[in-house]
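Trainee: Protein chains in written order, with my numbering: chain A, 1 to 110; chain B, 111 to 406; chain C, 407 to 791.
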């Protein structure tokens, strides 16, 4: 995070960190989350989800501050944040990676 | 690492306990704002710490009328325009219930207009969340009592010439004790407003301006939902406590948001009970909060 | 179970039909009434508004009849017995929400104190021209129950029965009084509370995760729960599945509509109520209901004096119609004579069921008054030839 001057309580305040979880197949490509993420962490991906929409993807790692704005503004309940380091989220993200790999494998086989 | 593609379980979404997950995905269009309002309401339910078993939600007919069907509460999908009297019956026959009406602008201020004004007049204890997309969405984009002048719709193809309602003013002048307006963009303020409203009593009215991309914005060439959200961003002004006479919405013009009215007045049931106690004394037997259910 | 004594005004009273109907509702355990004033029914709610505060009941005069019926349809989901009261013009307004109650399968009672119509018609004078509307008034296919009292005593007794039928079959019951009975003052005996049996709301004992609002239990009538008891159920006016969720398909429509009609049609024998006098060996059978039943008896007496063998069938439950009995009698009698204060409504049912085996003669009356018994007698005598 860049500051124009260092806040006096800089050493005491911890900026929260979050992980974004995207339920891609629910997304209908409205781009509200991309537009309004205060940390510009998301873009609309080039991938297609099962409905043919471009879901968002995280392009800036480590910048999510778990503000939950994307979670609140998404009309399709397709995105939410969990605190970084949260074991559920870590599990989720690991599962996502595993699913992706499996999917990629299946794709490769076809 | 990218967090897209297949997630573990949609049920992990924080809103899942408040929704009927077996009915997801919902029917609303891409970039429709109703889903956002539902998320804000679910957040408000969580934060308000109300007994969810005692919250009953009634919706009418229309796009917003489908909200009741998706919420994990005792939910009723009543007839067009009649959500408010239906919810009145629920509340009066079991006073401990928190009756919420969640419906659209056409449903509540068009066909349901009469019930709206009388429930406000009586200060009937209920929370009315009206999602205003300025059009009758479900039926294909007809003119609504809230459609701004010059806006096009399927029944006013040359532009609307009918003066629309100023809903906060209507509610306030009929006697609503809590009147607010927000847009879909004001997610945190809206959720907070709903949370505060859930802990108040009396006729509470929250108007939420929402984008309708498939009909309102398409028929008026305003882009999609995102363009409308950007418009709300640039043109919404927050003016708490302003006189509701001044919050009309003209076509693609300023939208004044805020908490306009927040007062405490006796509700219909308060007045009924205190009146009967005064007039009938010991003879008065009020209906129990658990309701007039006949049982052993 | 026995009713709540707080609502029972035991004793011998001199009441008009409207007041007696109100007393019947209170005696049956009704504790929520929403209504809108309309002559000649207003006295029902006036009576209720006077006594409800003393027994934990809530009466609200809503802003119109549409709101009244919607409030009644909603309030019934709290487990409370609910009722609304109206006459012709209001009955027409209530139709959409009566359809909602039929679709959601909500027990409730709708009292229609019939007056001359159509439209504003004769607000203070009798009619019986809403009988077909009671059955067919709302759009779509559904079945419900309609009853017709002939006296203030019956207005009391049958209102209790109407609530019981509503609970048993989870259906809105149309209580078709007429202005004559409504505004006629007669002796009404109200018994002790422990002599009044009422059918309580049948609640499911399934836990919330197993309960389905429209899963049938063999009888065709699903069990209800109360809003606010934690079941988080959903119900809708759309065609729905067992969970109460909308399902728009041809198959589901077939299942749904057949079930809500079957629950009445397959139980007609338990629901139908008629009173017969001297129908065995009769040449002519008079079929009548409401105030016309009393007038018809006078006509029958006159005809019997002229030597005609006349039987009499009084419809107490008017819908479902006693098709089977009419069909049986049609094979034995020459004709049915159906006097009614309309230009021919229930006679159409009689004619349909008689299927040509016996004539169905209607003795119409456009409304505003009751028949001249001599006219009825004349029709009977001519039918006997």
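Built from N, CA and C at the ideal position, the CB exists for glycine as well.
1) Which residues in the same chain have their Cβ closer than 6 Å to the Cβ of residue 248 of chain B, if we skip the five residues on either side of it in sequence?
2) To be precise: take each residue of the region 447 to 475 of chain C, compare its Cβ to all Cβ atoms of chain B, and keep it if any distance is under 7 Å. Which residues remain?
3) For chain C, check one thing: does any of its Cβ atoms lie closer than 8 Å to the Cβ of residue 249 of chain B?
4) Of the choices B/367, B/357 and B/275, whose alpha-carbon is the least far from that of residue 342 of chain B?
5) How far does the alpha helix (DSSP H) with residue 342 of chain B in it reach, from first residue to last?
6) Counting pairs of Cβ atoms below 8 Å between the region 64 to 82 of chain A and the region 123 to 132 of chain B, do you hit three or more?
7) Under 8 Å, Cβ to Cβ, is there at least one residue of chain C near residue 206 of chain B?
8) Determine which residues share a DSSP beta bridge with residue 514 of chain C and list them.
9) Work out the CA separation of residue 765 of chain C and residue 738 of chain C for me, nearest whole Å.
10) Ordered along the chain, which non-local residues of its own chain (more than five positions away) have a Cβ less than 7 Å from that of residue 30 of chain A?
11) Taking its Cβ as the centre, do 16 or more other Cβ atoms sit within 10 Å of residue 633 of chain C, making it buried, or is it exposed?
12) For a test of the three-state rule: what should DSSP assign to residue 224 of chain B, helix, strand or coil?
13) Strictly under 8 Å for the Cβ-Cβ distance: is residue 546 of chain C near chain B by that measure?
14) Under a Cβ-count criterion, where at least 16 other Cβ atoms within 10 Å of its own Cβ denotes burial, should residue 664 of chain C be classed as buried or exposed?
15) Let me know the secondary structure DSSP gives residue 182 of chain B once reduced to three states.
16) Would the region 210 to 225 of chain B and the region 669 to 676 of chain C be scored as touching if the rule is three or more Cβ pairs under 8 Å?
17) Excluding the 5 residues preceding and the 5 following residue 782 of chain C in the sequence, name in chain order all residues of the same chain whose CB lies nearer than 6 Å to its CB.
18) State the Cα-Cα distance for the pair residue 732 of chain C and residue 429 of chain C, rounded to the nearest angstrom.
19) Roughly how many angstroms separate the alpha carbons of residue 512 of chain C and residue 610 of chain C, rounded to a whole number?
20) Enumerate, from N- to C-terminal direction, the unbroken alpha helix (DSSP H) stretches of 4 or more residues contained entirely within the region 130 to 216 of chain B.
21) Please list the terminal residues of the continuous alpha helix (DSSP H) segment that includes residue 759 of chain C.
22) Name the chain C residues that come within less than 7 Å of residue 403 of chain B, Cβ to Cβ?
23) Considering only the alpha carbon of each residue, which of C/477, C/453 and C/717 lies closest to residue 683 of chain C?
24) Straight-line CA distance for residue 575 of chain C to residue 622 of chain C?
25) At a Cβ threshold of 8 Å, is residue 164 of chain B touching chain A?
26) So residue 522 of chain C and residue 773 of chain C are in contact, right, with Cβ under 8 Å, and what is the actual spacing, rounded?
27) For the region 379 to 403 of chain B, list every residue whose C-beta sits within 9 Å of some C-beta in chain C, in sequence order.
28) Please list, in chain order, the residues of the region 719 to 740 of chain C that have any C-beta partner in chain B closer than 7 Å.
29) Out of A/10, A/6 and A/28, which has the shortest C-alpha to C-alpha gap to residue 53 of chain A?
30) Does residue 506 of chain C have its Cβ less than 8 Å from a Cβ in chain B?
31) So with CB distances below 7 Å, who are the chain B contacts of residue 31 of chain A?
32) Restricting to Cα atoms, I'd like to know which of B/204, B/399, B/233 and B/133 is closest to residue 646 of chain C.
33) Residues of the region 639 to 653 of chain C in Cβ contact with chain B at a cutoff of 7 Å, in chain order, please.
34) With DSSP as the reference, please indicate the residues paired to residue 19 of chain A in a beta bridge.
35) Comparing C-alpha positions only, which one of B/191, B/323 and B/273 sits nearest to residue 340 of chain B?
36) Quick one: using the 10 Å Cβ neighbour count with 16 as the cut-off for buried, is residue 18 of chain A buried or exposed?
Mentor: Let me spell this out:
1) 172 and 173
2) 459, 460, 461, 462, 463, 464, 466, 468, 469, 470, 472 and 473
3) no
4) B/367
5) 335 to 345
6) yes
7) yes
8) C/578
9) 11 Å
10) 75
11) buried
12) helix
13) no
14) exposed
15) coil
16) no
17) 702, 705, 745 and 769
18) 33 Å
19) 15 Å
20) 144 to 158, 177 to 180 and 193 to 203
21) 752 to 760
22) 484, 485, 486, 607 and 632
23) C/717
24) 12 Å
25) no
26) 4 Å
27) 379, 382, 386, 389, 390, 393, 394, 395, 396, 397, 398, 400, 401, 402 and 403
28) none
29) A/28
30) yes
31) 336
32) B/133
33) 639, 640, 641, 642, 643, 644, 651 and 652
34) A/82
35) B/323
36) buried
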